[in-house]
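For what it's worth, this note's numbering labels the leading residue of the sequence shown as -1, then goes sequentially. We put the beta carbon where it would ideally sit given N, CA and C, even for glycine. Quick notes on the structure that follows.
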Amino acid sequence: MRPLNYRNTTIMVTGASSGIGLAYAHTLAARGANLLLVARSEDKLNVLARELAQRHGIRAHALAADLTEAGAATGVHARASALGLRPDILINNAGFATHGHFEALSLERQLDEIALNCRAVVELSHAVLPAMLQQGEGAIINVASTAALQPLPYMAIYGATKAFVLSFSEALWQEYRTRGVRVLAVCPGATDTAFFDVVGAAEAGVGTRMSADTVVDASLQALDHGRSHIVPGGANRMLGWLPRMLPRQTILQIVANMLRPRSTASRYP
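See below:
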């Protein structure tokens, strides 16, 4: 399968204002891609769009939206279409996690987590695919996680949503790989972003964190090779094999020990 040429393509990146999404934006702009940048913070997106356009001579548009809201993802695609822009590549990166005992966490927050991590991915993928299929080419990158490879006690909703993203992506890979559209699920492990600080799990024993740039570079190489999924990093790939070799209850206990909230460790088993 031939490597992709990103120059003068139009790429939509969700969650573009920070972390892995920001790394995608910088990397793809440097490769000559025009960008549709999606996140909640309009001010940050506008600054980023101007910076990338000036630095790389590309076009970058800020499309601020809260993708946890029903219909917001479809609305973002409609706004892009109104600008006369059709994404050649979609990168579904936006997502967040909650950490703690399931019953103690806000139900509304956890339902927003499902909406962003799953529903928005489905909405945007469904919106962009018809034009890609008509064109006979295109690509969708869905950022999942090593969390997709086993259940996560104390991050139950996050693990379940990422398992959905991985399963959904691989199914689409099979459906569309002979029709010109590449689909890739990216399953990074702990990455050097603000993710664990934001989620309130900065103390979790997640090991060495990979750089966001390394995750992005590995994913783009995998996309060039037509892979259905990638787990960046040798250590992460080895950990991904453990659920296949050990009893599930053993894996659950190991993960629980890593992710158990330290402040309540003495109160709950």
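CA-to-CA distance, residue j to residue i, given in whole angstroms
| i | j | result |
| --- | --- | --- |
| T248 | R107 | 29 Å |
| A80 | D86 | 16 Å |
| G30 | L257 | 40 Å |
| G178 | G98 | 42 Å |
| L131 | G17 | 30 Å |
| N32 | F94 | 26 Å |
| T7 | P186 | 25 Å |
| M153 | Q219 | 30 Å |
| M236 | T144 | 11 Å |
| I112 | P241 | 24 Å |
| W239 | R38 | 36 Å |
| A268 | L250 | Shown here, the chain extends from -1 to 267; a query on residue 268 therefore has no answer. |
| K160 | A146 | 5 Å |
| P245 | R0 | 40 Å |
| L164 | N90 | 12 Å |
| A27 | A118 | 24 Å |
| R48 | L109 | 34 Å |
| G19 | L105 | 26 Å |
| D41 | R5 | 26 Å |
| Q52 | A78 | 21 Å |
| V120 | I56 | 28 Å |
| I252 | H54 | 46 Å |
| C116 | M243 | 28 Å |
| E173 | T96 | 32 Å |
Under 8 Å between C-beta atoms of residue i and residue j
| i | j | result |
| --- | --- | --- |
| A125 | T12 | no |
| R175 | G224 | yes |
| S217 | V184 | yes |
| L88 | M10 | yes |
| L114 | L34 | no |
| L122 | A71 | yes |
| L50 | A23 | yes |
Assumed close pair residue i, residue j - CB separation to whole angstroms, cut-off 8 Å
| i | j | result |
| --- | --- | --- |
| L46 | A14 | 7 Å |
| P151 | A254 | 4 Å |
| A76 | V36 | About 13 Å separates the two Cβ atoms, so there is no contact after all. |
Close-in-space but distant-in-sequence residues of the same chain around residue i (CB under 8 Å, 5 per side omitted)
| i | result |
| --- | --- |
| L221 | L2, A137, I139, R180, L182 |
| T25 | D211, V214, D215, L218 |
| N234 | T144, C185, P186, G187, M208 |
Close beta carbons around residue i, own chain, < 6 Å, minus the five adjacent residues each side
| i | result |
| --- | --- |
| N44 | A60 |
| W171 | V181, S226 |
| M208 | T189, G231 |
| F100 | A154 |
| P149 | G157 |
| S167 | N140, V181, A183 |
| S264 | With a pLDDT of 33 at S264, under the threshold of 50, the predicted position of this residue should be treated as unreliable, and no value is reported. |
| A142 | K160, V163, L164, A183, C185 |
| T262 | Residue placement at T262 cannot be trusted, given a pLDDT of 48 that sits under 50; what the coordinates show is reported in the next sentence. Excluding positions up to five away in sequence, the list is empty. |
heavy atom of the ligand NAP below 7 Å from residue i C-beta
| i | result |
| --- | --- |
| G231 | Inclusion of the ligand NAP in the displayed structure is not the case, the ligand content being empty and no account of it being possible. |
Residues near residue i by beta carbon distance below 7 Å, same chain, minus five either side
| i | result |
| --- | --- |
| E201 | Caution is warranted here: a pLDDT of 47 is assigned to E201, below 50, making its placement in the model unreliable, and the coordinate value is therefore given only provisionally. Closer than 7 Å at Cβ, skipping near neighbours: R260. |
| N73 | Note that residue 73 is Gly in the sequence shown here, rather than Asn. A63, listed in sequence order. |
| V229 | T144, C185, R235, G238 |
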